[in-house]
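Engineer: Mind looking over this structure? Questions follow.
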Amino acid sequence: MKRSVLLLVTLMLAFPLIGWSQNKTVTGTVVSGEDNLTLPGVNVRVQGTNRGTVTDIDGGYSISVSNEETLVFSYIGFITQEVQVDNQSTIDITLMPDAKTLGEVVVVGYGSVTRGDLTGNVASLKGADIANVPVPTFQEAIQGRMSGVFVESSSGKVGEGVKIRVRGTSSISGGNEPLYVIDGIPVTSGGTIGKSNPMADINFNDIESFEVLKDASAAAIYGARGSNGVVLITTKSGTAGKTKFNVGIQRGVSSPTRRNEFLNSAQYIELMRESGYNNDLANGLDPLNNPADYEDSDLEFVETRLDRYAGHTDWRNGGVDTDWQEQAFNPDAGITNVNFSANGGNESTRFYFSTSYDKQDGIMIRNKFERISGRLNLDHKVSDRFSIGANFSFSRTETTTLPEDNQFNNPIQLVALAPITPIRDENGMLYDRPTTTYYNNLIDSENANWLTSTYRNINTIFGEYAFSDKLRFRSEFGVDIINQNDDRFFGSRTITGQGTNGEGSSRWARILNYNTNNYFTYTDTFAERHQFEAVGGMAFQKTEDDYTRVDGQEFPLDELRTLESAAEIVEGTSEFTHHSFLSYFSRINYKLDNKYLMTLSARYDASSRFGRNNQWGFYPAASLGWVVTEESFLTGKEGISLLKIRASYGLTGNADIGDFDHLGLFGPVSYGLQPGLQPTQIPNPNLTWETTAQFNVGVEFGLFNDRLTGELDYYDKQTSDLLLLVPVPGTTGFATQRQNIGKMQNYGFEVVLNSANYADQDFSWNTSLNFARNINRVRELSEGQNSIPPSSSRFLNGIFIGESIGVFYGPRYAGVDPANGDALYYTDEDLSETTNDYNEAARMVVGDPNPDFIAGITNNISYKNLQLSFLFQGVFGNDIYEGGAGFYAANGDWFDNSTAAQFDRWQNPGDITDIPQARLGECNGCNASSRFISDGSYVRLKTLSLGYNLPSTVLERMKISSARIYLMAQNLLTFTNYMGWDPEVNADYLGATTSDANVFQGNDFYTAPQAKTFSLGINVGF
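Residue numbers (the numbering used here): 187 to 1208.
In structure tokens:
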């Protein structure tokens, strides 16, 4: 692979590209327009390239350019300037002050504003900040980079879902994911087959910027879908001028972030024999010292099992020591990315074109992700008043899919097999039961395939007409189409197809989502003091879902894997569902004297998902801002460049529920081959939206000529009318009904700090820190209900008034009785009394999967042509329940291989340990309790990038405009006390319903760890 990377780099550097005009040296000085003093550390770069320099201590610079190129001068706290070189040899620049916090353009719903005029809370991130991060989805790439935005990948399986929470969890039964809007059009972010992630279809190298609308003032214009936050994604557009091309190639290798340590063969044999022997001693037998006791003893049972598990070998001579964990990991894991883009145009027509190939061989065997994508964005100015445009994107993704974590053919479950078992028998065939303890899912690698293919189009057309300089109208129409095929085959040797001569399944889904936005924008300035903008319009969206599934079995040969070869079709089904929204919205922005700000917004939504008595919802919001530094008493105040105070309050909604939860439903039934209908759901014509009222107050500041900028925010989100399944009288014929009942609260604070630590001609160093603390509390359930206890005996998540959603509730483990090795549990919440009887243990809150706070810190350092960037990301104060530990950390309770920690078990009276005595089949401490809860806090070196820009003298000889070689590492270091594989985890099979996905958090059950990736890449521009 190293040879192929070097070959690719050589080819790119040697490739004959277009000619380059004669370069010359331009010099100049940059001064401040505020005090006319020179500015050291100003970035001077050639537009569209990686070539550039920094002004020296006297504000001077020197750079090699051609007449056709444009120089861009940028500095924190000042307005960026662009200058065409032409025939000039000296270019002196005066930069005008403009606090970075004030001048940055921020995309908001149905428009954009400068950050200085923003009165809501919006987190922003440039696409360039996550370019080339070696992950499949932008969701993973933005992790740790935005305050108040919690991102969690459930496992290291590629192409699967990523959880995002904006300021906490707001719903118990409804969705909690944010609304995703691409170029103004809400797109599909869920509802596909299995665990596939629709957002993985999007090439994030096409993205110009991300904005996350967090408070009500920012999100209320999206009304009934704004409670969970809104992610606005703006894709790249063309720029007028010469066509610029960019080619990038990236290759890398991946491995697990962490491994668990399991017993080797000698340790396994010792523990299992001891486990059986302890039972014999408890029963008055001593088969080791009294041969007459051996027959029918537990020790004999254990050794008979060991004979079986050893296959054709003898476990007594220690000849086999299989590391089954390594068999689960893919030794050839890695990433490949090839991308090409072009952008340019003239004053009338601009274009951006890109195509990309991404491949990720996952760290787990049988898990791969591949994406081919293309994009064309066009803007055309028909006249001075009328412009049109279109954005077209296409992608095809293919994922070789893995089963859910609790399935025996999940690769990580190989760790349960005994290390004394050889992988293959004497004939080279993979061993399976009864030789293996459980199913040897390596058989799936040879005798099964599971491929999920997705074709996706996201297309938008728009037109904008300016009636005057003040009034314009914009109309947008977008279509998001997902076509997905999921084909599965499990041969006659697999656990799935073993009893039926093979089993196959073909599933097909199509999601059609179309949307139109039509709105007016009016802007005006009165008496040079009053700046006014009004937006008003309507939107309509409809989503249609088609789903078909056919299953077959009895295949003549394992090589014939399509359903055409199945002798028996055992199941067939099809479904069609749809929902729609009709909305009217408005927003007014007002600014007085450049220092007093006000924003009013409202949205009136109707949804087909709610009862006829409550189909419409109204979502207003208001916010105020005060730019204190524009007041006379602070104007020109040394050290303070910006001080802005803002506050907001408003309502948003949540409509992310089933399409027909409000209707009385009937389902098909048959009797004696006669068709019929039966009622399946009780109607609720009063069903309506969950409503979140949110208050936010914040301060934005810039200090020391904006060398330190930041934001401080406090918020309080109160969600009412929770959509819950409520028990109803049995006389109705039903058990539950979906009703609006219950309340939840999220409140906390957020901190953002940005600093320019140092800058001179050769060296610069910038730091960005974000920190967020969210407290979630369930405030109310149905009348007379105080809790929804855990619904599973294996997991502990429940809902309790006054606690966070999904807290762990169960027995608190008290350790081990030093006298006899019994597992102990507390019998009271004061933790004063203990028992060895699990059923007598008191149930209490024993942990919380919700983090206390999250944080991220990014440092960008450059020295001449070298750039170093690294991001540390952390999650703190959350607990993780290791559900699989009841099998692999159960001190020899059964024949699953155990973690190395189990070797510290109690053996003799007086031993002090947390691992109970080994007792075969007695479950001495293996039940669900706080024993298997550990601190899930972690700090991760999330991204490390080291790049080198080739100097201009080399570029001139190669006749290219830019070239950058870089080394990137993802998930390089992880610091944690978690006992399992990786602390960024949540077992995927626990999210079968939306409610389960919300409640069952912080669980690990043979879940794949995250991937650590090292990659080498090159970008060339010409």
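In this text, a Cβ means the ideal position worked out from N, Cα and C, and glycines have one as well.
State the start and end residues of the unbroken alpha helix (DSSP H) segment that holds Arg459.
Structural biologist: Segment 451-468, the alpha helix (DSSP H) holding Arg459.
Engineer: For Asn1205, I'd like the list of residues in its chain whose CB is within less than 6 Å of its CB, leaving aside the five on either flank, ordered along the chain.
Structural biologist: Excluding residues within five positions, the ones whose Cβ falls inside 6 Å are Gly434, Arg1150.
Engineer: Opposite Arg1117 in the DSSP bridges: which residues?
Structural biologist: Note: Arg1117 sits in no beta bridge, so no partner.
Engineer: By the three-class DSSP mapping on this structure, what secondary structure does Ser787 have?
Structural biologist: In the structure shown, Ser787 sits in a strand (DSSP, three-state: E or B).
Engineer: Do you know offhand how far Ser190's Cα is from Ala1197's?
Structural biologist: In this prediction, Ser190 scores a pLDDT of 45, lower than 50, which makes its location untrustworthy; the coordinate-derived value is nonetheless stated afterwards. Going by the C-alpha atoms only, they are around 22 Å apart.
Engineer: Hey, quick one: how far does the alpha helix (DSSP H) through Ala1027 stretch, first residue to last?
Structural biologist: Unbroken run through Ala1027: none, as it is neither H nor E.
Engineer: Would you mind sorting Ser248 into buried or exposed? The rule is 16 or more other CB atoms within 10 Å of its CB.
Structural biologist: Exposed.
Engineer: I'd like the ranges of any beta strand (DSSP E) spanning at least 3 consecutive residues and lying wholly in the stretch 968-1009.
Structural biologist: Correct list: 983-986, 993-997, 999-1002.
Engineer: Nearest to Ile909 by CA position, among Asp1121, Ile774, Thr877, is which residue?
Structural biologist: In the sequence under discussion, the amino acid at residue 909 is Leu, which differs from the Ile named in the question. For Leu909, the nearest C-alpha among the options comes from Thr877.
Engineer: Tell me where the alpha helix (DSSP H) around Glu1142 begins and ends.
Structural biologist: Start and end: 1138-1144.
Engineer: My parser needs the alpha helix (DSSP H) runs of 4 or more residues fully inside the stretch 1009-1094; what are they?
Structural biologist: Listed in chain order, they are 1071-1074.
Engineer: What residue range is occupied by the uninterrupted alpha helix (DSSP H) comprising Trp1167?
Structural biologist: From DSSP, Trp1167 is part of no alpha helix (DSSP H); its letter is neither H nor E.
Engineer: Return helix, strand or coil for Leu182, following the three-state DSSP convention.
Structural biologist: The requested residue 182 is not part of the displayed model; the chain covers only 187 to 1208.
Engineer: Using a Cβ-Cβ cutoff of less than 7 Å, which residues in the same chain neighbour Asp547 once the five nearest sequence positions on both sides are dropped?
Structural biologist: Closer than 7 Å at Cβ, skipping near neighbours: Asn516, Asp518, Ala519, Gly520, Lys554.
Engineer: Let me know if Glu1015 comes out buried or exposed under the rule of 16 or more other beta-carbons within 10 Å of its beta-carbon.
Structural biologist: By the 10 Å Cβ count, Glu1015 comes out exposed.
Engineer: Is Arg301 helix, strand or coil when you go by DSSP?
Structural biologist: Three-state result, Arg301: helix.
Engineer: Check whether the Cβ atoms of Tyr999 and Ser1116 sit closer than 7 Å, and answer yes or no.
Structural biologist: For Tyr999 and Ser1116, yes; Cβs fall inside 7 Å.
Engineer: Do Gly768 and Glu730 have their CB atoms nearer than 7 Å?
Structural biologist: It should be pointed out that residue 768 corresponds to Leu in this sequence rather than to Gly. Going by C-beta atoms, Leu768 is not nearer than 7 Å to Glu730.
Engineer: What ranges does the beta strand (DSSP E) occupy inside the stretch 682-725, keeping only unbroken runs of at least 3 residues that lie completely in it?
Structural biologist: With a minimum length of 3 residues, the continuous beta strand (DSSP E) runs that stay inside the stretch 682-725 are 689-712.
Engineer: Can you tell me which of the three DSSP states Gln513 falls into?
Structural biologist: Looking at Gln513 - three-state DSSP - the assignment turns out to be helix.
Engineer: By DSSP's criteria, Val736 is part of a beta bridge. Which residues make up the other side?
Structural biologist: Val736 is bridged to Ser692, Gly758.
Engineer: Does the stretch 307-316 come close enough to the stretch 369-379 that 3 or more CB-CB pairs lie under 8 Å?
Structural biologist: Touching, no, given that fewer than three Cβ pairs across the two stretches are closer than 8 Å.
Engineer: Output the distance between the C-alpha atoms of Pro477 and Gly470, rounded to the nearest integer angstrom.
Structural biologist: If I take the Cα positions, the gap works out to 14 Å.
Engineer: Quick one: what does DSSP say Val344 is sitting in, helix, strand or coil?
Structural biologist: In the structure shown, Val344 sits in coil (DSSP, three-state: anything other than H, G, I, E or B).
Engineer: On the DSSP letters alone, give me the boundaries of the alpha helix (DSSP H) that Tyr629 sits inside.
Structural biologist: One point to set straight first is that residue 629 is Ile, not Tyr, in the sequence displayed. Element bounds for Ile629: 628-633.
Engineer: Whose C-alpha, out of Gln511, Glu268, Val337, Ile419, is nearest the C-alpha of Ala1086?
Structural biologist: Ala1086 has its Cα closest to that of Gln511, out of Gln511, Glu268, Val337, Ile419.
Engineer: For Ser772 and Val814, what's the separation of their Cα atoms in angstroms?
Structural biologist: When rounded, the distance between both Cα atoms is 28 Å.
Engineer: What's the call for Gly336, buried or exposed, on a 16-neighbour Cβ count within 10 Å?
Structural biologist: The sequence given here has Phe at residue 336, not Gly. Flag for Phe336 reads buried.
Engineer: When DSSP labels each residue in this structure, what does Leu564 get in the three-state scheme?
Structural biologist: It is a strand residue.
Engineer: Would a C-beta distance cut-off of 7 Å place Trp951 and Asn940 closer than the cut-off?
Structural biologist: The answer is no: Cβ separation not under 7 Å.
Engineer: Considering just the uninterrupted stretch of the alpha helix (DSSP H) at Phe324, what are its terminal residues?
Structural biologist: Counting along the chain, the alpha helix (DSSP H) containing Phe324 begins and ends at 324-327.
Engineer: Is it buried or exposed for Ser1201, if we count other Cβ within 10 angstroms and need 16 for buried?
Structural biologist: So Ser1201 counts as buried.
Engineer: What number of angstroms, rounded off, separates the C-alpha of Val1061 from the C-alpha of Asp1121?
Structural biologist: Cα to Cα, Val1061 sits roughly 11 Å from Asp1121.
Engineer: Mind the definition here: the stretch 958-978 touches the stretch 1034-1042 only if three or more C-beta pairs lie below 8 Å; say whether that holds.
Structural biologist: As far as the Cβ criterion goes, the stretch 958-978 touches the stretch 1034-1042, which means the pair count is three or higher.
Engineer: Does the stretch 633-645 come within contact of the stretch 669-682, defined as at least 3 CB pairs closer than 8 Å?
Structural biologist: They touch, by the three-pair rule.
Engineer: Name the residue from Gly345, Trp812, Gln727 whose alpha carbon lies nearest to the alpha carbon of Thr583.
Structural biologist: Nearest of Gly345, Trp812, Gln727 to Thr583, Cα basis: Gly345.
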